[in-house]
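Residues 31 to 247, numbered by my numbering, are exactly what the sequence shown covers, in order.
Working notes for the structure below.
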Amino acid sequence: MACCWSAENATKAYLRALKMGRTGKGKEPDVAEFISAIAAGNNAQLMVITCANVAGSTALALVAAARQTGGRVVCILTSLHHYDASVSAVGNYGDCIDFVIGDAEKLLNEYRNADFVLIDCNISDHKSVLKTAQEGAKRGGGGTHIVGYNAPHNKELVGCSGADGFKTYYLPIGEGLLVIRKGKPNEARKSSRWVVKIDKWTGEEHVFRITSPQIKT
């Protein structure tokens with residue numbers, strides 16, 4: 031299970047993902063690096079990614095996180111046709127990923143103890159897949175963080191992720207990131223928010239999480 035946030039793990043995974051992304055074939059390296067930092071910063075041990083098509087930079091992001099935390103990466107592909115292309119896309123890191131092929135919604139039920147689930151919102155019926163991940167988190171005790179990438183910013187999508195016991199954040203990074211965090215029982219409340227800053231000279235996006243002092247209840 032994930033533990034307290036580790037800035038050291040997040041930073042090292044981010045830099046590793048940055049280096050790996052230079053040789054990978056992904057189209058969203060900035061998004062991938064941020065995903066890697068979230069997973070590693072939360073010390074994720076079992077990371078599961080569902081891909082709409084070919085696995086690429088986002089799968090490599092989890093490999094970078096797993097190398098930092100000593101975790102495991104499982105990649106769910108919807109079609110056998112995507113397997114060879116995915117192995118080629120991740121290059122020398124293919125042995126670091128356990129590929130499984132089949133229906134993402136059904137297969138997620140086999141990984142209820144995952145503490146980081148990454149879902150491509152381009153996948154067919156992604157809303158149901160998000161809900162399945164949340165149900166698995168409730169029943170299996172895993173799923174501390176569920177992240178949807180390629181996520182459109184609309185009330186319907188955010189609303190379907192706002193189940194009891196979960197906190198949802200939408201981040202305007204890449205094609206959109208939906209970050210769903212599972213709360214812990216009797217967890218002390220903290221007020222936090224994500225801040226996105228754009229460098230006016232380079233156009234780069236910088237994302238910060240600002241947390242206020244702990245609120246006693």
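Cβ coordinates follow ideal geometry from the N, Cα and C atoms, glycine included.
Quick caveat: nothing in here was measured; it's all calculated off a predicted structure.
Shown here for Leu76: same chain residues with a beta carbon closer than 8 Å to its own, the five before and five after excluded, namely Gly101, Arg102, Val104, Tyr141, Asn143, Ala144, Asp145, Phe146 and Gly172 in chain order. Looking at the backbone, the Cα of Val159 and that of Ile149 are separated by about 8 Å.
Secondary structure of Ile106 (DSSP, three-state): strand.
Runs of the beta strand (DSSP E) lying entirely within the region 55-85 and spanning at least 3 residues, in chain order: 76-81. Arg169 sits in a helix when the DSSP states are folded into three classes. For Ile153, the closest alpha carbon among the candidates Ala69, Cys81, Trp35 and Leu45 is that of Cys81. Inclusion of Ala94 and Met50 in the CB contact set at 8 Å is warranted, their separation being smaller than that value. Per DSSP, Leu148 is one residue of the beta strand (DSSP E) stretching across Phe146 to Asp150. In this chain, the alpha helix (DSSP H) harbouring Gly51 covers Ala37 to Gly51. Cβ neighbours of Thr88 within its own chain (closer than 8 Å, five residues either side excluded): Gly56, Glu58, Val61, Ala62, Ile65, Ile79, Cys81, Leu148, Asp150 and Tyr179. In the structure shown, Thr198 adopts extended strand secondary structure according to DSSP, grouped into three states.
Under the three-state reduction of DSSP, Gly178 is assigned to strand.
In the displayed model, Arg142 falls within coil according to three-state DSSP, outside both helix and strand.
Annotation: the continuous alpha helix (DSSP H) that includes Asp114 extends over His111 to Val120. Distances from the alpha-carbon of Arg169 to those of Lys157, Ala67, Pro182 and Gly195 put Gly195 closest.
As DSSP reads the structure, Leu208 sits in a beta bridge with Gly178 and Tyr200.
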